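Worksheet for the structure shown next.
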């Protein structure tokens, strides 16, 4: 059975459009049509049926597409594993939230390299947007081997392993009326405009749930995606904010006030793609982080 024909079939099964599939495969439409006809002749089953200008998978075609995708994925993983055995140095591609990139991740990587000199590992750190949904999506596209961020969903293709937690605090400008407080109940923040997290942020559901516990939501002056940007807005007197107790806050002109009620923690996770082939060094690093968690 021709491997190229199987790959052509897989793409056509996803698009159900000969023109679109041929463009994605960078082949001519007649070449694609001939390949599919040859495959159908070989398996002696009709895999596609015409539907106007498009085609549609038959019931046997649907099952065949599901099976072939699994076979091709396993084949690609096997080839990647074979190629990795020829490498003297293994690359570990990592993405992380900026709040973890300043201290936690460098310390973890240094600890791993010190304790595993035999791996001859090289790390490549991502310059992604720093948003958890973007990081997880890029992981799904296999741009990274491992990521460290907030939990985005409960999809079955992703493995989330808790690796750290952060307390939530309130930050205010230095001259704010709340800046004299040594601790705060969340209710005390309600009279003041706040810099909140936009729905794309992994912190949004955490903060939203926290305010729901006291039966009110804050006055949102601005909605920002990233925690560092939220802190910057507070430092420049745009409002107050509830956010994780990050190391970077200590060097900013803000007052950091512990939150006494409701008590809440932000969990951070190591995130891996279950079906992604991990080269030996990447797997060793993942196992090392899991052992430290």
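Residue numbers (my numbering): 36 to 328. Heads up, the beta-carbon is just placed ideally off N, CA and C, and yes, glycines get one too. Quick caveat, the model's predicted, so the values are computed rather than measured.
Query, Result
"Of the listed residues 181, 237, 233, 222, nearest to residue 247 (C-alpha basis)", "222"
"Whole-number beta carbon distance between residue 182 and residue 324, since they are thought to touch under 8 Å", "With 8 Å as the limit, residue 324 and residue 182 do not qualify as a contact, their Cβ atoms being about 11 Å apart."
"Simplified DSSP assignment, three categories, for residue 328", "coil"
"Residues near residue 259 in its chain [Cβ-Cβ closer than 7 Å; skip 5 each side]", "230, 232, 233, 265, 268"
"Close Cβ partners of residue 84 (< 6 Å) along its chain, the five nearest in sequence each way excluded", "91, 93"
"Cutoff 7 Å; reference residue 313; Cβ partners in own chain excluding five residues on either side", "180, 321"
"Burial state of residue 138, where buried means 16 or more other Cβ atoms lie within 10 Å", "exposed"
"Residue closest to residue 144, alpha-carbon to alpha-carbon, out of 77, 158, 96", "158"
"Residue burial classification, residue 262 (beta-carbon count within 10 angstroms, cutoff 16)", "buried"
"DSSP state of residue 301 mapped onto helix, strand, coil", "strand"
"The stretch 209-222 touching the stretch 284-304, judged by at least three CB pairs closer than 8 Å", "yes"
"Straight-line gap, residue 99 to residue 151 (C-alpha atoms, nearest Å)", "44 Å"
"Extent of the continuous beta strand (DSSP E) run through residue 196", "193-208"
"Where residue 222 falls: helix, strand or coil (DSSP)", "helix"
"Option nearest residue 311 by Cα separation, candidates 109, 140, 224, 242", "109"
"Coil, strand or helix - residue 89 by DSSP", "strand"
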